[in-house]
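In the UniProt record's numbering, the protein residues as written are 1 to 135.
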């Protein structure tokens, strides 16, 4: 009997809850299978949510890329053109469409197209039309 450890001595070495844990039964294969199935369902649900979020994110990224592309196109295509070096009337004189002495009448006619007469004289129709066409 001296080789046997008495129950009192076991309780002295371990707490009651530790002894109860030792006596706990191992889960059965059915219980483990059920737990695996539950975890598999949770993984599938989470995978579906991840895919949905990924699709939404991709859609947003595509939208932002398109907006960026549109902005890049508008900034490159809408570069301001420099103002013309000459007014339409001055250009008409340079092109030889009107004579230099008619320049002031042309400018006045271009500024006030409703006035067909300048200082009591009829504006040259051809020069006036060419001047207006160049505006």
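Glycine residues also receive a C-beta, built at the ideal position from the N, C-alpha and C atoms.
(message) So, with DSSP's three-state summary, where would you put residue 74?
(response) Here the question's residue 74 lines up with position 74 in the chain shown. The answer is helix: DSSP assigns residue 74 an H, G or I state.
(request) Compute the minimum distance between the beta carbon of residue 46 and the heavy atoms of the ligand COA, and state whether it is under 7 Å. (result) By its list of ligands, the structure shown contains no ligand whatsoever, and the ligand COA lies outside what it can speak to.
(message) DSSP three-state label for residue 42, please.
(response) As a working mapping, residue 42 is identified with position 42 in the chain shown. Looking at residue 42 - three-state DSSP - the assignment turns out to be helix.
(request) Tell me whether residue 88 sits in a helix, a strand or coil according to DSSP, three-state version. (result) For the purposes of this step, residue 88 is identified with residue 88 of the chain shown, where counting begins at 1. In the structure shown, the three-state DSSP call for residue 88 is helix.
(message) To the nearest angstrom, how far is the alpha carbon of residue 60 from that of residue 30?
(response) Start at 1 with the first residue of the chain shown, and residue 60 comes out as number 60. Start at 1 with the first residue of the chain shown, and residue 30 comes out as number 30. Across the structure, residue 60 and residue 30 are spaced so that their CA atoms are roughly 45 Å apart.
(message) Looking at residue 103: is its Cβ nearer than 8 Å to the Cβ of residue 93?
(response) Within the chain shown, numbered from 1, the residue matching residue 103 stands at position 103. Within the chain shown, numbered from 1, the residue matching residue 93 stands at position 93. Judged by beta-carbon spacing, residue 93 lies within the 8 Å limit of residue 103, meaning their Cβ atoms are closer than that value.
(request) Pull up the distance between the alpha-carbon of residue 34 and that of residue 26, whole angstroms please. (result) On the chain shown, residue 34 is found 34 positions in, with the first residue counted as 1. On the chain shown, residue 26 is found 26 positions in, with the first residue counted as 1. Going by the C-alpha atoms only, they are around 15 Å apart.
(request) Classify residue 105 as buried or exposed, calling it buried when 16 or more other Cβ atoms lie within 10 Å of its own Cβ. (result) In the chain shown, the residue the question calls residue 105 occupies position 105. Within 10 angstroms of the beta-carbon of residue 105 lie 16 or more other beta-carbons, which makes it buried.
(request) With DSSP collapsed to three states, give me the class of residue 33. (result) Stepping through the chain shown from its first residue, residue 33 is reached at position 33. In the three-state reduction of the DSSP assignment, residue 33 falls in the helix class.
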